[in-house]
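Student: Quick one: this structure, given as structure tokens, is what I'll be asking you about.
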Amino acid sequence: MPTPAPLLDTKLLRILDEILTQRNVSKAARNLGMSQPAVSAALKKIREAVKDPLVVSDGKGLVLTTRAQQIHPMVKQALANIEAVVSSSVPFDPGSADNMFKIASSDNVVHHVFTELISEVHRTAPKISLEFSAFGQNFDPFTALKEGQIDVVIGNWAELPENLHASLLYEDKMVCLLRRDHPLASGMTRDQYLAADHIGPTPHSVGKRGVVDQYLSRHRLKRNLKTCVPFFSLTPYALVNTDLIATMNESMARFYAESLGLRVVDAPLPFPGVRYVQLWHDRTHSSPALGWLRSKISQAADRVPGAAKRPGIKKSI
333 MPTPAPLLDT KLLRILDEIL TQRNVSKAAR NLGMSQPAVS AALKKIREAV KDPLVVSDGK
393 GLVLTTRAQQ IHPMVKQALA NIEAVVSSSV PFDPGSADNM FKIASSDNVV HHVFTELISE
453 VHRTAPKISL EFSAFGQNFD PFTALKEGQI DVVIGNWAEL PENLHASLLY EDKMVCLLRR
513 DHPLASGMTR DQYLAADHIG PTPHSVGKRG VVDQYLSRHR LKRNLKTCVP FFSLTPYALV
573 NTDLIATMNE SMARFYAESL GLRVVDAPLP FPGVRYVQLW HDRTHSSPAL GWLRSKISQA
633 ADRVPGAAKR PGIKKSI
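Here is the structure:
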């Protein structure tokens, strides 16, 4: 009779998932709240159980073996199943819970939504930890949700994937932001807008443009985009001493207009409004803990100054 394969308990599965996700033992240890020697010892046990090194060094860092790439989705699904069993039988108590929630977003939602969320979580759930990540180039939020790297993603997309749950947080209109003594600070025509020098975000993915340039392209128009920056939050600071114009969502524009002494001007073109939604994967849809988090995100979004909340695209919550 063949000897049964060694079993991996939940703790080892979590350690394995973190190592395969981070591809860095030290970072995995920090995220797990463990020492590096303890995580290394656990990795040794896991390697012996699966009879594969799972991660190997390529001189620059750790890379996953073929076997690790095969089993990682199964490990995540196993952990999700375990969490579903436990969470369905144990009520979520934010006052005593010590969950770590991971949220990714574009940085133009940080100023109001995240500050409100952080304040509320620290007040009502002091043991809960929050980890925020900003979108970067070639970041695929849909894959991050599918693979369990992120619990919730917040952003705006022209089309929402059918395999993810979504709820509308708020809708914001597009306005222009510029320095107070800019030649066009009292208003501008369409032609003046197109002829001016602009600053905008660097596309997160090759070939993908923002709502402003998509609109202009559809109408066979083009603005003079002189400067691109990787983060929305850098944009207002570049306006203080230049004649650049930024076109952005109104709630963010008014936040920086007040703090930096800038001017908000109506856009001379009917740019479509931006709809900010939160997305999550089906495997966490029934989680009481993540349901609580999503409700807190919605409540924080309700307090965004000047933004409208409309029921048009709510798929679920």
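Final position of the sequence shown in the numbering used here is 649; the numbers increase by one with none missing.
Glycine included, every Cβ here is placed at the ideal spot set by N, Cα and C.
Here the structure is a predicted model, which is why all the values come from computation and not from measurement.
Going by C-alpha to C-alpha distance, which of Arg615, Phe471 and Arg595 sits closest to Val417?
Tutor: The shortest C-alpha separation from Val417 is found at Arg615.
Student: Determine the extent of the alpha helix (DSSP H) in which Glu503 is found, giving its start and end residues.
Tutor: No alpha helix (DSSP H) contains Glu503, which is instead part of the beta strand (DSSP E) from Leu496 to Asp504.
Student: Would you call Gly427 buried or exposed, if buried means 16 or more other Cβ atoms sit within 10 Å of its Cβ?
Tutor: Label assigned to Gly427: exposed.
Student: Kindly indicate which three-state DSSP category Met520 falls into: helix, strand or coil?
Tutor: Coil, per DSSP.
Student: Considering only residues of the stretch 350-421, which uninterrupted alpha helix (DSSP H) runs meet the minimum length of 4 residues and lie entirely inside it, listed in chain order?
Tutor: Complete alpha helix (DSSP H) runs here, min 4: 357-364, 368-382 and 398-421.
Student: Roughly how many angstroms lie between the CA atoms of Glu463 and Thr521, to the nearest whole one?
Tutor: Roughly 43 angstroms separates the two Cα atoms.
Student: In the DSSP assignment, the beta strand (DSSP E) including Ala476 goes from what residue to what residue?
Tutor: No beta strand (DSSP E) holds Ala476; the alpha helix (DSSP H) holding it covers Pro473 to Lys478.
Student: Hey, Leu352 and Pro473: beta-carbon distance below 8 angstroms or not?
Tutor: Not closer than 8 angstroms, so no.
Student: Could you please give me the residues that DSSP links to Thr616 through a beta bridge?
Tutor: Answer is none; Thr616 lacks a bridge partner.
Student: Could you tell me whether the stretch 428-436 touches the stretch 546-555, using the rule of 3 or more Cβ pairs below 8 angstroms?
Tutor: Touching, no, given that fewer than three Cβ pairs across the two stretches are closer than 8 angstroms.
Student: Rounded C-beta distance between Leu516 and Leu496? I'm assuming under 8 angstroms.
Tutor: Wrong, their Cβ atoms sit about 40 angstroms apart, outside the cutoff.
Student: Going by C-alpha to C-alpha distance, which of Val407, Arg399, Pro493 and Ala633 sits closest to Leu344?
Tutor: With distances taken between Cα atoms, Leu344 lies closest to Val407.
Student: Could you give the uninterrupted runs of the beta strand (DSSP E) lying entirely in the stretch 572-599, keeping only those of 3 residues or more?
Tutor: Runs found: 577-581 and 594-598.
Student: Rounded to whole angstroms, what is the Cα-Cα separation between Ser499 and Val609?
Tutor: Computed Cα separation, rounded: 6 angstroms.
Student: So, helix, strand or coil for Ile486, using DSSP?
Tutor: In this structure, Ile486 counts as strand in the three-state DSSP scheme.
Student: Out of Asp634, Ala621, Thr447 and Leu339, state which residue places its alpha-carbon closest to the alpha-carbon of Glu415.
Tutor: Residue Ala621 is the option with its Cα nearest to Glu415.
Student: Please work out which residues of its chain come closer than 8 angstroms, Cβ to Cβ, to Thr534, disregarding the five sequence neighbours upstream and downstream, and give them in chain order.
Tutor: Around Thr534: Gln469, Cys560, Val561 and Pro562.
Student: Do Pro602 and Tyr588 have their C-beta atoms within less than 8 angstroms of each other?
Tutor: It is not a contact, given that the beta carbons lie outside the stated cut-off.
Student: Starting from Gln610, follow its DSSP beta bridges and name the residues at the other end.
Tutor: In DSSP, Gln610 forms a bridge with Ile486 and Ser499.
Student: Starting from Leu339 and walking both ways along the alpha helix (DSSP H), at which residues does that stretch end?
Tutor: Premise fails: Leu339 is in no alpha helix (DSSP H) and is neither H nor E.
Student: Cutting at 7 angstroms between CB atoms, please list the residues of its own chain near Ala436, excluding the five before and the five after it.
Tutor: Result list for Ala436: Ser465, Phe467, Pro473, Ala476, Ile482 and Val485, in chain order.
Student: Under a Cβ-count criterion, where at least 16 other Cβ atoms within 10 Å of its own Cβ denotes burial, should Leu576 be classed as buried or exposed?
Tutor: It is buried - the Cβ of Leu576 has at least 16 other Cβ atoms within 10 Å.
Student: Measure the alpha-carbon distance for Lys434 versus Gly480 and round it to whole angstroms.
Tutor: Rounded to the nearest angstrom, the two C-alpha atoms are 9 angstroms apart.
Student: Using a Cβ-Cβ cut-off of 8 angstroms (strictly less than) and excluding sequence neighbours within five positions of Val596, which residues of its own chain qualify?
Tutor: If we look at Val596 and ignore the five residues flanking it on each side, its Cβ neighbours are Val507, Cys508, Leu509, Glu582, Ala585, Arg586 and Ala589.
Student: Would Arg346 pass as a contact of Leu411 if the rule is Cβ separation under 8 angstroms?
Tutor: Yes.
Student: I believe Thr397 touches Pro385 by the beta-carbon criterion, under 8 angstroms. Please report the beta-carbon distance rounded to the nearest angstrom.
Tutor: Correct: roughly 6 angstroms between the Cβ atoms.
Student: Thinking Leu548 and Val572 are a contact (beta carbons under 8 angstroms), I'd like their distance in whole angstroms, please.
Tutor: Not a contact, Cβ separation roughly 26 angstroms.
Student: What would DSSP say about Ile629, mapped onto helix, strand or coil?
Tutor: Of the three classes helix, strand and coil, the one that applies to Ile629 here is helix, per DSSP.
Student: Can you name, in chain order, every residue of its own chain whose Cβ lies under 7 angstroms from the Cβ of Trp624, other than the five neighbours on each side?
Tutor: Answer for Trp624: Phe424 and Pro426, listed in chain order.
Student: Where Arg511 and Ser372 are concerned, what is the direct C-alpha to C-alpha distance, given to the nearest angstrom?
Tutor: Approximately 54 angstroms, taken between the alpha carbons.
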